[in-house]
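Residues in the sequence shown are numbered from 122 upward in steps of one, following our numbering.
Quick reminder that beta carbons are idealized off the backbone N, C-alpha and C, glycines included.
Note that the structure is a prediction, hence the values are computed from the model and not measured.
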Amino acid sequence: MSFTIDYDPRDATPDLLDALNPAQRIAVEQTDGPVLVLAGAGTGKTRVLTTRLAYLLQSNKAFPGQILAVTFTNKAAQEMKTRVSAAMGGVPVEGWWLGTFHSLAARMLRHHAGLVGLDSNFTILDSDDQVRLIKQIMELQNIDTKKSPPKAVADIISSWKDKGKTPNDVQENEVSDFANGKTLQLYATYQQRLKMLNACDFGDLLLHIITILKNPAHATVLEDYHRRFKYILV
122 MSFTIDYDPR DATPDLLDAL NPAQRIAVEQ TDGPVLVLAG AGTGKTRVLT TRLAYLLQSN
182 KAFPGQILAV TFTNKAAQEM KTRVSAAMGG VPVEGWWLGT FHSLAARMLR HHAGLVGLDS
242 NFTILDSDDQ VRLIKQIMEL QNIDTKKSPP KAVADIISSW KDKGKTPNDV QENEVSDFAN
302 GKTLQLYATY QQRLKMLNAC DFGDLLLHII TILKNPAHAT VLEDYHRRFK YILV
């Protein structure tokens, strides 16, 4: 998972902090301990995050591979990469740990897929493929897919995954009468089929990594990321 970045801190623009207001500058220059920025839309949060990242590099606080910078949407991630590159004098940022939660989780999972029963070349199902697979499983279990639409079952499964719950983590009181009361059974079967197909869905990207990092049997994986990242920016 190691990589080399051809980067010289002298490539950074010297006036990195000039475009910041006093509050933004404080957030950027506070490099020790946690920092929380509370601000409304359009007030410069992305500017603070990207400038902070560039500042950490320029001031030799960290190397590119020691910073994990995460955002929610592909658009925001691309904007973050563009701004960081510009702030660093046009340095390419491909290979840095900058991206969305799901893209960075997928990158991690490629390296640790075997710990959750997958191969590193696993495929990622889109929402249509997910629904089709669930429909096949429902039909095999003689569940009426008109009365209980597979899309609704997929949404229920996704909601459990969003909460970080594998089939073993879901409690009986979380299971409704929908789909003949078999949504948890469908979830478990669905996950088994995904492993057989060497595939995962969008929710699995986060769920699998959470499962790996929380498992004491894989403590060395968590320790590796603890050593790897000096700063996490969200």
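Three-state class that DSSP yields for residue i in the structure shown
i, result
"Leu170", "helix"
"Ile353", "strand"
"Asp139", "coil"
"Lys303", "coil"
"Val296", "coil"
"Leu157", "coil"
"Ile264", "coil"
"Ala162", "coil"
"Lys152", "In the sequence under discussion, the amino acid at residue 152 is Thr, which differs from the Lys named in the question. Here Thr152 sits in coil by DSSP."
"Ser224", "helix"
"Ser280", "helix"
"Pro337", "helix"
"Asp290", "coil"
Spatially closest choice to residue i from the options, by CA coordinates
i, options, result
"Phe243", "Ala320, Thr332 and Gln262", "Ala320"
"Pro143", "Leu328, Gly165 and Val296", "Gly165"
"Gln199", "Thr221, Asp240 and Ala183", "Thr221"
"Ser180", "Gly154, Val149 and Thr194", "Val149"
"Ala275", "Gln306, Asn263 and Asp290", "Gln306"
"Pro271", "Phe299, Leu159, Lys282 and Asp290", "Phe299"
"Gly235", "Ala183, Val342 and Tyr352", "Val342"
Cβ shell of residue i (< 7 Å), same chain only, five flanking positions each side left out
i, result
"Thr171", "Met201, Arg204, Val205 and Ala208"
"Val355", "Val191"
"Ala75", "What the structure shows of the chain is the stretch from 122 to 355, and residue 75 is not part of that stretch, so it cannot be assessed."
Proximal residues to residue i (C-beta, below 6 Å), its chain only, five neighbours per side dropped
i, result
"Ser224", "none"
"Leu138", "Arg146"
"Met229", "Ile330"
Beta carbon of residue i nearer than 9 Å to that of residue j
i, j, result
"Ser269", "Asn294", "no"
"Ser248", "Asp322", "yes"
"Gly186", "Arg349", "yes"
"Thr152", "Leu189", "no"
"Thr304", "Ser297", "yes"
"Ile264", "Tyr308", "no"
"Ile258", "Tyr311", "yes"
Check: residue i C-beta below 8 Å from any heavy atom of the ligand GDP
i, result
"Gly216", "The model depicted lacks the ligand GDP and carries no ligand whatsoever."
Sequence-distant residues of the same chain with beta carbon closer than 8 Å to residue i, five excluded per side
i, result
"Leu315", "Leu246, Leu254, Cys321, Asp322 and Asp325"
"Val252", "Pro271, Lys272 and Ala275"
Practice item. Identify every run of the alpha helix (DSSP H) within the stretch 235 to 262, keeping only runs that are complete inside it and at least 4 residues long; order them along the chain. Key: Positions of the alpha helix (DSSP H) runs, each at least 4 residues long and wholly inside the stretch 235 to 262, are given as 248 to 261 in order along the chain.
**Study point:** Ordered list of alpha helix (DSSP H) runs contained in the stretch 172 to 220, each at least 4 residues
**Key:** If we require 4 residues or more, the alpha helix (DSSP H) runs fully inside the stretch 172 to 220 come out as 195 to 208.
Exercise for review: Jot down the residue ranges of each uninterrupted alpha helix (DSSP H) in the stretch 305 to 335, minimum 4 residues, whole runs only, in chain order.
Suggested key: Taken in chain order, the unbroken stretches of alpha helix (DSSP H) that lie wholly in the stretch 305 to 335 and span 4 residues or more are 323 to 335.
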